[in-house]
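*Asks:* Please find one structure pasted underneath; my questions will follow.
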Amino acid sequence: MWSVTSLSPPALPPLLTSLPTSLSFSLHPSPSLTLFLSLPSPLPPSVSLSLSPTPSLYPSLPPSQGYLPPTKNGVEPKRPSRPINITSVVRLSTTVPNTIVVSWTSEVGRHLLCFQSYSMAVYLVKQQSSAVLLQRLRSKGIRNPDHSRALIKEKLTADPDSEIATTSLRVSLLCPLGKMRLMIPCRALTCSHLQCFDATLYIQMNEKKPTWVCPVCDKKAPYEHLIIDG
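Going by this note's numbering, the sequence shown wraps up at 230, each residue one higher than the last.
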């Protein structure tokens, strides 16, 4: 989980909307934060990003952050729109600016003017530990037990169009992630099931590999939607 501060202006001008073949801007980073370059949509292969005085960013970064190698011959490599961590190529100085340069060929510029615009933003982010996130979740309080009671009544209510009626519900006290007893029962606001998972283990697992998917229903369960069950 990251706290984010945008370095881009409120109204971010689209890139590649005019025939000039380059664009640049400068930034002054803070040594205590991490810089991410965010691209809302994949860039064409003929567009180059560089951070002065470092050469092109894409060749110097691993495939997970730059090119995705093609699976077939003759197919252009793809550039994912996921954020690129540029901290390692930034000069941490308050007096020396870092200039990001975006360049492209004039042919690409004319082609893209007819179909799509591109934007770019730079963010200062700071990682939050699982302990901090758990404390924030606790501070939100516990969901009213009446919500669970109402959910149980709803599930036990007979459907007149169904020949099968539910007469009982069974919920495990073991976390589906660690198979241990639930210490902090948690669900997402978007979940419609009674089964909970352990908040501590769920946040710790997403700290290592952020997927934020409910282990019970396999639906998205982002941190902002988590609530401790009452």
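For each residue, glycine too, the CB sits at the ideal point set by N, CA and C.
Can you say whether residue 73 is buried or exposed, counting buried as having 16 or more other CB atoms within 10 angstroms of its CB?
*Replies:* For the purposes of this step, residue 73 is identified with residue 73 of the sequence shown, where counting begins at 1. Looking at its Cβ environment, which holds fewer than 16 other Cβ atoms inside 10 Å, residue 73 is exposed.
*Asks:* So, are the CB atoms of residue 229 and residue 186 less than 9 Å apart?
*Replies:* Looking up residue 229 in the sequence shown gives position 229. Looking up residue 186 in the sequence shown gives position 186. Yes, the pair counts as a contact, with Cβ atoms nearer than the cut-off.
*Asks:* Would you kindly report the start and end of the unbroken alpha helix (DSSP H) that includes residue 195?
*Replies:* Stepping through the sequence shown from its first residue, residue 195 is reached at position 195. Run containing residue 195: none; DSSP gives neither H nor E here.
*Asks:* My understanding is that residue 198 touches residue 182, with C-beta atoms under 8 Å, so please give their C-beta distance in whole angstroms.
*Replies:* Taking the sequence shown and counting its residues from 1, the one referred to as residue 198 is at position 198. Taking the sequence shown and counting its residues from 1, the one referred to as residue 182 is at position 182. About 5 Å separates the two Cβ atoms, so the contact holds.
*Asks:* Identify the continuous beta strand (DSSP E) that holds residue 156 and give its terminal residues.
*Replies:* Within the sequence shown, residue 156 is the residue found at index 156, counting from 1. First-last for residue 156: 145-156, but that is the alpha helix (DSSP H), not the beta strand (DSSP E).
*Asks:* Quick check on residue 182: does DSSP put it in helix, strand or coil?
*Replies:* Translated into positions along the sequence shown, residue 182 becomes position 182. The answer is coil: DSSP assigns residue 182 none of H, G, I, E or B.
*Asks:* Closest Cβ-Cβ distance between residue 101 and chain D: below 9 Å?
*Replies:* Of the protein chains in the structure, only one exists, and it is not chain D.
*Asks:* Is residue 226 close to the ligand HEM? I mean its beta-carbon at under 8 Å from any heavy atom of the ligand.
*Replies:* The ligand HEM is not among the ligands present in this structure, which contains no ligands whatsoever.
*Asks:* Give the C-beta separation of residue 152 and residue 194 to the nearest angstrom, bearing in mind that I take them to be a contact with Cβ-Cβ under 8 Å.
*Replies:* The residue given as residue 152 occupies position 152 in the sequence shown. The residue given as residue 194 occupies position 194 in the sequence shown. That pair is a contact at about 7 Å.
*Asks:* Any idea if residue 137 is buried or exposed, counting beta-carbon neighbours within 10 angstroms, 16 or more meaning buried?
*Replies:* Here residue 137 refers to the residue found at position 137 of the sequence shown. Under this definition residue 137 is a buried residue.
*Asks:* Considering just the uninterrupted stretch of the beta strand (DSSP E) at residue 226, what are its terminal residues?
*Replies:* Working through the sequence shown from its first residue, we reach residue 226 at position 226. Note, residue 226: beta strand (DSSP E), 226-228.
*Asks:* Is it true that the CB of residue 200 sits closer than 9 Å to the CB of residue 130?
*Replies:* Here the question's residue 130 lines up with position 130 in the sequence shown. Here the question's residue 200 lines up with position 200 in the sequence shown. Cβ atoms of residue 130 and residue 200: closer than 9 Å.
*Asks:* Going by C-alpha distance, which of 150, 122, 204 is nearest residue 83?
*Replies:* As a first step, residue 83 must be located in the sequence shown, where it is residue number 83. Residue 122 is the option with its Cα nearest to residue 83.
*Asks:* Where residue 206 and residue 100 are concerned, what is the direct C-alpha to C-alpha distance, given to the nearest angstrom?
*Replies:* On the sequence shown, position 206 is the one that residue 206 refers to. On the sequence shown, position 100 is the one that residue 100 refers to. Roughly 31 Å separates the two Cα atoms.
*Asks:* Which residues does DSSP list as the beta-bridge partners of residue 220?
*Replies:* Counting from 1 along the sequence shown, the entry for residue 220 is found at position 220. Answer is 213, bridged to residue 220.
*Asks:* Can residue 85 and residue 91 be called in contact, C-beta distance under 9 Å?
*Replies:* As a first step, residue 85 must be located in the sequence shown, where it is residue number 85. As a first step, residue 91 must be located in the sequence shown, where it is residue number 91. Going by C-beta atoms, residue 85 is not nearer than 9 Å to residue 91.
*Asks:* Take residue 175 and list the residues in its own chain whose beta-carbon comes closer than 7 Å to its own, dropping the five residues that flank it on each side.
*Replies:* Taking the first residue of the sequence shown as position 1, residue 175 is located at position 175. Once the five neighbours on either side are set aside, the close Cβ partners of residue 175 are 182, 197, 198, 201.
*Asks:* How is residue 89 classed by DSSP in three states: helix, strand or coil?
*Replies:* Looking up residue 89 in the sequence shown gives position 89. In this structure, residue 89 counts as helix in the three-state DSSP scheme.
*Asks:* Straight-line CA distance for residue 139 to residue 227?
*Replies:* Counting from 1 along the sequence shown, the entry for residue 139 is found at position 139. Counting from 1 along the sequence shown, the entry for residue 227 is found at position 227. Cα-Cα distance, rounded: 10 Å.
*Asks:* Hey, could you find the ends of the alpha helix (DSSP H) residue 135 is sitting in?
*Replies:* Indexing the sequence shown from 1 puts residue 135 at position 135. From DSSP, the alpha helix (DSSP H) with residue 135 extends over 130-139.
*Asks:* With distance defined between alpha-carbon atoms, name the residue in 134, 208, 170 nearest to residue 155.
*Replies:* Counted from its first residue, the sequence shown places residue 155 at position 155. That would be 170, whose Cα lies nearest to the Cα of residue 155.
*Asks:* Between the alpha carbons of residue 217 and residue 142, how many angstroms are there, rounded?
*Replies:* Here residue 217 refers to the residue found at position 217 when the sequence shown is read from its first residue. Here residue 142 refers to the residue found at position 142 when the sequence shown is read from its first residue. Going from the Cα of residue 217 to the Cα of residue 142 covers about 21 Å.
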